[in-house]
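**Student:**
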Amino acid sequence: MIANQLFNPKSIVIIGGSNDIHKPGGKVLKNLIDGKFSGKLYVSNPKEEQVQGIPSFKDLNNLPQVDLAIIAIAAKYTLPAIQILTEKKDSKAFIILSAGFSEESEAGAQLEKQIVDQINKYDGALIGPNCTGILTPNHHSIFTEPIPKLDPKGCDFISGSGATAAFIMEAGIAKGLSFASIFSVGNSAQLGVEDLLEHLDNTFDAEHSSKVKLLYIETINKPQKLLKHAQSLIQKGCKIAAIKAGSSEAGSRAASSHTGALASPDEAVNALFQKAGIVRCFGREDLIAVASVFMYPPIKGKNLAIITHAGGPAVMLTDALSKGGLEIPAITGEKAEELKAKLFPGSSVANPIDFLATGTAEQLGIIIDAINNDFDEIDGMVVIFGTPGLAPIFDVYELLDEKIRTSKKPIYPVLPSTFTASKEVTFFLEKGQLNFPDEVNLGNALARIYHTPKPEKEKKKKLEIDLGYIRAIIDSNENGYLLPSAVRSLLDGAGIPRAGESTCGTVDVAISQAKRLGFPVVMKVVGPVHKSDVGGVVLNVKDTETIEYEFNRMMEIPDTTAVLIQPMLSGTELFVGAKYEDKFGHMILCGLGGIFIEVLKDVSYGLAPISYSEAQKMIKNLNSYPIIQGLRGKAGVDEEKFIDVLWRLSALLQAAPEIMELDLNPLLGTENSVIAVDARIRIEKSV
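Here the sequence shown is numbered in my numbering, starting from 10 and rising by one per residue.
1) Helix, strand or coil: how does DSSP classify V302 here?
2) How many Å lie between G711 and G477 at the Cα?
3) Could you give the C-beta distance for L655 and A685, rounded to a whole number, given that I count them as a contact under 8 Å?
4) Report yes if the C-beta of D210 is less than 8 Å from at least one heavy atom of the ligand ADP; otherwise report no.
5) Skipping 5 residues on each side, what residues in its chain have a beta carbon closer than 8 Å to that of S682?
6) How long is the line joining the alpha carbons of G34 and I23, rounded to whole angstroms?
7) Would you decide whether G639 is buried or exposed? Buried here means 16 or more other CB atoms lie within 10 Å of its CB.
8) Reducing DSSP to helix, strand and coil, say where V221 ends up.
9) In the DSSP assignment, what are the bridge partners of L601?
10) Specify the secondary structure class of G25 as computed by DSSP and reduced to three states.
11) Which of the three DSSP states is assigned to Y614 in this structure?
12) Helix, strand or coil: how does DSSP classify I243 here?
13) Determine the DSSP secondary structure at M596, reduced to helix, strand or coil.
14) Closest to K418 by CA distance: which of G246, G62, S150, N381 is it?
15) Quick check on this structure: which residue in Y406, G368, D160, L348 has the alpha carbon closest to the alpha carbon of D378?
16) What's the gap between the Cα of A454 and the Cα of F445?
17) Tell me T512's beta-bridge partners as DSSP assigns them.
18) Between which two residues does the beta strand (DSSP E) holding N674 run?
19) Opposite M532 in the DSSP bridges: which residues?
20) Could you tell me the distance, in whole angstroms, from the CA atom of A189 to the CA atom of R414?
21) With 9 Å as the threshold, decide whether the Cβ of M304 is near any Cβ in chain B.
22) How big is the Cα-Cα spacing for S114 and K231?
23) For K101, which residues from the same chain have a beta carbon less than 6 Å from its beta carbon, with the 5 sequence-adjacent residues on both sides left out?
24) Can you tell which of T87, D404, Y131 has its C-alpha closest to the C-alpha of S53?
25) Could you give the distance in angstroms between the alpha-carbon of R657 and the alpha-carbon of G586?
26) Give every residue of the same chain whose Cβ lies closer than 8 Å to the Cβ of A20, excluding the five residues on either side of it in the sequence, and list them in chain order.
27) Identify every run of the beta strand (DSSP E) within the stretch 27 to 102, keeping only runs that are complete inside it and at least 3 residues long; order them along the chain.
28) Between G536, T515, P161, V538, which has its C-alpha nearest E559's C-alpha?
29) Within this structure, are the beta carbons of T153 and A174 separated by less than 9 Å?
30) Alpha carbon to alpha carbon, how far is D653 from P702? Give it in angstroms, no decimals.
31) Could you compute how far the alpha carbon of A314 sits from the alpha carbon of P322?
32) What number of angstroms, rounded off, separates the C-alpha of I249 from the C-alpha of L662?
33) Kindly list the residues whose CB is nearer than 7 Å to the CB of V535, restricted to its own chain and excluding five residues on each side of it in sequence; keep chain order.
34) In chain order, what residues of the same chain lie with their CB nearer than 8 Å to the CB of E465, ignoring the 5 residues before and after it?
35) Just the Cα atoms here: how many angstroms apart are E693 and P361?
36) Under the three-state reduction of DSSP, which class applies to A134: helix, strand or coil?
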């Protein structure tokens with residue numbers, strides 16, 4: 010639990026408060042004064058008697074008891090100040106604006122740790138260091154601008170970067186986006202984005218709390234906490250959008266399996282956000298557009314009408330929506346003809362509805378009413394209306410404001426003339442409305458929101474797997490890739506169907522096992538990672554002479570220790586894999602298998618543990634899903650059994666968290682079965 014004094018302090022001291030408002034210690038004090046902080050305000054500055062009209066304490070020992078300390082002094086002086094505040098002044102909350110800590114040097118990191126230890130010792134809360142502060146209805150403890158008028162119905166915004174928070178606010182406010190609170194966490198030495206999201210969850214009030222949360226994250230240190238509280242907030246009726254920056258930090262790392270090569274840390278972020286229900290954004294304008302859409306009632310379907318007096322923006326918006334999987338259905342029939350008759354000649358109602366550059370406010374109202382009342386297939390509207398500057402358009406925006414407030418379906422305004430019609434746009438925004446000046450950003454935002462699923466509410470059923478047997482296999486094996494016999498045992502323990510097989514160390518054993526399994530068979534080398542690349546796979550072996558020849562040849566391949574014999578099976582090649590990602594846990598992957606995994610890279614990701622329905626969604630999200638269903642007369646794959654393999658793999662990973670990488674490639678899927686033909690598992694036990 011975060012100390013309440015951080016959010017509701019009765020007294021605040023600025024350590025390093027200054028008369029120079031161009032310094033952080035001066036500006037934060039000015040913002041507190043201008044924000045009319047209702048509690049007691051103190052300043053500590055050894056060189057001043059008075060700072061911005063407030064008496065200054067030259068010696069902290071003389072300071073009265075104080076709830077919150079905002080620190081704007083050199084890093085090396087912060088620990089002694091915090092020791093006095095915690096030990097003698099009962100201070101429980103701290104915002105350190107100063108830099109010079111872990112972001113700068115090892116010595117700075119050590120000092121940062123000492124500060125956190127001191128604050129933790131007294132059950133305190135710390136924002137920063139190296140941050141710009143926080144902005145709440147109770148106190149404006151921030152040194153940057155803008156300082157927007159806070160609106161409880163606006164966005165709660167938590168940012169790992171103070172500058173980014175300021176830039177996003179500037180751009181968002183200009184489009185009508187409002188904010189309820191701002192938190193800049195800086196180095197997140199104690200409290201990070203995840204902790205503040207937890208606080209917003211724990212203190213959520215359905216009547217009074219903001220229902221839109223925005224996050225800017227550079228490092229996810231506590232993914233499970235982020236997942237838990239994002240899911241909880243969304244299930245309470247909130248909407249969350251986030252930028253996760255630094256997505257290329259890992260680059261393309263060398264990996265010893267298909268899964269290792271495909272499952273990057275950034276895909277772990279995608280999987281986490283999908284599971285949580287967080288809409289992922291990739292830039293400031295992207296985040297602002299998504300947040301602005303969040304401010305409207307949710308659209309109930311994917312069919313949109315575009316109402317425009319300008320052709321080009323409508324075409325670009327149509328492209329963006331279509332690429333995002335949303336629909337702009339044709340509007341036809343008797344009602345469409347009636348609508349067209351009420352517009353100027355040359356207008357089109359086909360969708361986009363183009364009522365020409367000469368279109369009037371009255372005509373716009375007629376169109377909106379028709380979409381609301383006559384075309385049930387339409388779920389929402391986008392109105393594009395700018396101006397060439399020939400005449401004022403206050404009447405259009407007045408009508409648009411009225412219709413947005415009364416419409417049965419959401420109306421998203423695209424008002425692109427932010428310079429030529431700046432007075433009219435300002436007039437519109439001052440009514441509490443939002444503007445999407447770029448239609449493509451709006452289209453992308455609508456699509457991204459539509460395709461981000463809400464977190465599941467279903468109770469996750471547990472599979473019956475042989476936990477004791479699985480643990481015995483893990484405990485009895487050393488780190489590294491497991492022998493085929495151990496892999497087979499793990500699959501059996503989890504109930505994952507596999508092909509019959511035999512690992513053969515001599516040619517005589519290979520011949521006898523081939524006869525037992527039944528010709529034709531497949532021969533594979535044991536040892537090399539990529540078997541096909543070294544000539545280590547032979548298909549459709551039909552006689553003992555070929556067994557003898559190929560066995561002797563394969564044993565000459567470097568790193569080969571044995572030869573695996575399997576019956577020759579057929580079906581659609583599938584792939585399932587898993588990889589442990591630090592802090593996140595296991596990622597589970599699926600797609601088409603064999604060579605297709607390398608060529609198509611058409612893969613779905615899920616964060617373990619996954620439920621049955623999550624496994625189902627993973628399969629349906631594949632671009633190659635029509636192949637799995639069956640295409641052009643070719644039999645498909647038993648989806649239930651494919652889902653079951655994913656579900657059982659998730660259970661195996663829970664039972665054996667030591668699994669670092671796992672490939673089931675290929676699995677062969679038919680109308681009646683899904684069977685693992687080749688498997689590879691690497692484990693790593695903690696020392």
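We put the beta carbon where it would ideally sit given N, CA and C, even for glycine.
**Tutor:** Taking the definition as stated:
1) helix
2) The structure shown has nothing for residue 711, since the chain only spans 10 to 696.
3) About 12 Å; that fails the 8 Å criterion.
4) As far as ligands go, the structure on display features none, and thus does not contain the ligand ADP.
5) P506, G580, D647, K650
6) 7 Å
7) exposed
8) Strand, per DSSP.
9) Bridge partners of L601: L583.
10) coil
11) strand
12) helix
13) strand
14) When each option's Cα is compared against that of K418, the closest is N381.
15) Selected option, being the one with the closest Cα: L348.
16) 10 Å
17) T512 is bridged to L573.
18) 668 to 678
19) Paired residue(s): V547, I574.
20) In a straight line, the C-alpha of A189 is about 21 Å away from that of R414.
21) The chain labelled as chain B is not found in the depicted structure, where only one protein chain is given.
22) 23 Å
23) A12, Q14, G133
24) Closest option to S53, Cα to Cα, is T87.
25) 12 Å
26) Sequence inspection shows Ser at residue 20; the Ala mentioned does not correspond to that position. G48, K49, L50, Y51, P73, Q74, V75, D76, L77, listed in sequence order.
27) 49 to 53, 77 to 80
28) T515
29) Closer than 9 Å, so yes.
30) Given a span of 10 to 696 for the chain in the structure shown, any question on residue 702 remains unanswerable.
31) Spanning the alpha carbons of A314 and P322 requires a straight line of approximately 14 Å.
32) Cα to Cα, the separation comes out at about 29 Å.
33) Closer than 7 Å at the Cβ level, and outside the excluded window around V535, lie P493, T512, T569, T570, A571, V572, L573.
34) S620, S622, E623
35) 57 Å
36) The answer is strand: DSSP assigns A134 an E or B state.
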